[in-house]
Amino acid sequence: MLTMVGYCWLCHQNLYFAHHGICHICLRHLKRLQQVCPRCALPSESGNLPCGRCVKNPPPWQYLIAITDYTPPLSQLIRRYKYHSTPQLAPVLARMFLLHWLKGYREGRWPKPDSILGIPLHRRKRWQRGFDQIELITRPLSRWLQCPYQSGFLRRSRATLTQRGLSAAQRRTNLKQAFQLQGDFTDQHVAIFDDVITTGTTLHEASQLLIRAGARSVQAWAICRTL
Numbered sequence: 003m004l005t006m007v008g009y010c011w012l013c014h015q016n017l018y019f020a021h022h023g024i025c026h027i028c029l030r031h032l033k034r035l036q037q038v039c040p041r042c043a044l045p046s047e048s049g050n051l052p053c054g055r056c057v058k059n060p061p062p063w064q065y066l067i068a069i070t071d072y073t074p075p076l077s078q079l080i081r082r083y084k085y086h087s088t089p090q091l092a093p094v095l096a097r098m099f100l101l102h103w104l105k106g107y108r109e110g111r112w113p114k115p116d117s118i119l120g121i122p123l124h125r126r127k128r129w130q131r132g133f134d135q136i137e138l139i140t141r142p143l144s145r146w147l148q149c150p151y152q153s154g155f156l157r158r159s160r161a162t163l164t165q166r167g168l169s170a171a172q173r174r175t176n177l178k179q180a181f182q183l184q185g186d187f188t189d190q191h192v193a194i195f196d197d198v199i200t201t202g203t204t205l206h207e208a209s210q211l212l213i214r215a216g217a218r219s220v221q222a223w224a225i226c227r228t229l
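In structure tokens:
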């Protein structure tokens with residue numbers, strides 16, 4: 003992929019607005035999640051009502067909002083962003099999610115949150131990577147949506163194994179008591195952001211902390227949702 007300013011990160015053609023990062027043609031042809039449960043974003047017969055899985059065992063969040071499945075081209079873009087030191091992709095990914103979220107908001111599919119949190123990296127991982135990929139996305143999102151970004155309120159209290167390659171049970175064990183939450187979230191509608199949601203274990207742990215802290219509702223936000 004090209005990294006020169008002024009070219010689309012996906013098709014490499016010239017951009018009319020260089021800061022957009024991705025051209026309108028690529029955005030228009032991006033495969034979106036369709037016919038998915040609004041609660042877990044997995045395939046469902048109805049795109050408006052919770053699926054049977056969520057009725058039987060509801061997650062702690064009320065909405066799971068993601069742009070697309072974790073497949074190319076966005077999966078490649080996220081891997082480049084996280085593992086190949088490309089922090090300049092952060093505002094590009096933030097803008098993509100913003101446009102997706104605003105469309106659903108205008109259609110009345112979900113409410114605007116009072117504040118935004120991001121799934122944090124452990125300080126050791128942040129030092130190794132050189133930046134916190136979630137924070138770099140959530141900061142412009144909070145500014146554009148005029149929702150406070152609660153930096154430092156959610157902390158990763160211990161280093162954990164990477165979730166890739168772990169089973170669902172191993173993921174739950176790996177993240178047990180891995181987060182600490184500070185601050186008062188009583189009666190707040192909170193959005194919590196991660197780049198990719200696979201089993202939802204990470205967001206499940208963080209969302210439960212918010213509910214215990216008095217949050218009225220939680221939205222789970224992500225760029226991609228693994229189906």
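To convert, count from 1 in the sequence shown and add 2; that's my numbering. C-beta atoms are modelled at their ideal positions from N, C-alpha and C, and glycine is treated no differently.
Taking the Cβ atoms as the reference, residue 114 lies roughly 7 Å from residue 147, within the contact range of under 8 Å. Here DSSP, grouped into helix, strand and coil, assigns residue 121 to coil. One alpha carbon belongs to residue 39, the other to residue 158, and they sit about 29 Å apart. With respect to the 8 Å criterion, residue 221 and residue 11 are not classified as neighbours on the basis of their beta carbons. In summary, residue 35 is buried, with 16 or more beta-carbon neighbours lying within 10 Å of its beta-carbon over all protein chains present. Within the DSSP secondary-structure output, residue 155 pairs in no beta bridge. In the three-state reduction of the DSSP assignment, residue 183 falls in the strand class. Counting along the chain, residue 135 sits inside the alpha helix (DSSP H) bounded by residues 135-147. Per DSSP, the unbroken alpha helix (DSSP H) holding residue 80 starts and ends at 76-85. A straight-line Cα-Cα distance of about 25 Å links residue 41 and residue 155. The alpha-carbon separation between residue 55 and residue 203 amounts to approximately 15 Å. Secondary structure at residue 48: coil, using DSSP grouped into helix, strand and coil. Inter-segment contact for the segment 45-55 and the segment 65-80 is absent: fewer than three beta-carbon pairs are separated by less than 8 Å.
When the beta-carbon positions are compared, residue 194 and residue 183 stay at least 8 Å from each other.
Boundaries of the beta strand (DSSP E) around residue 194: 191-199.
Judged by DSSP secondary structure, residue 213 falls within the alpha helix (DSSP H) whose first and last residues are 203-214.
Membership of residue 100 in the alpha helix (DSSP H) is indicated by the continuous run 92-108. Non-local C-beta neighbours of residue 133 in its own chain, meaning closer than 6 Å and more than five positions away in sequence, comprise 89, ordered along the chain. Of the candidates 37, 181 and 83, 37 places its Cα closest to the Cα of residue 229.
The bridge partners DSSP lists for residue 67 are 223. In the DSSP assignment, residue 54 falls within the alpha helix (DSSP H) that extends over 54-58.
Contact check for residue 197 and residue 80: beta-carbon distance about 6 Å, within the 8 Å limit, so the pair qualifies.
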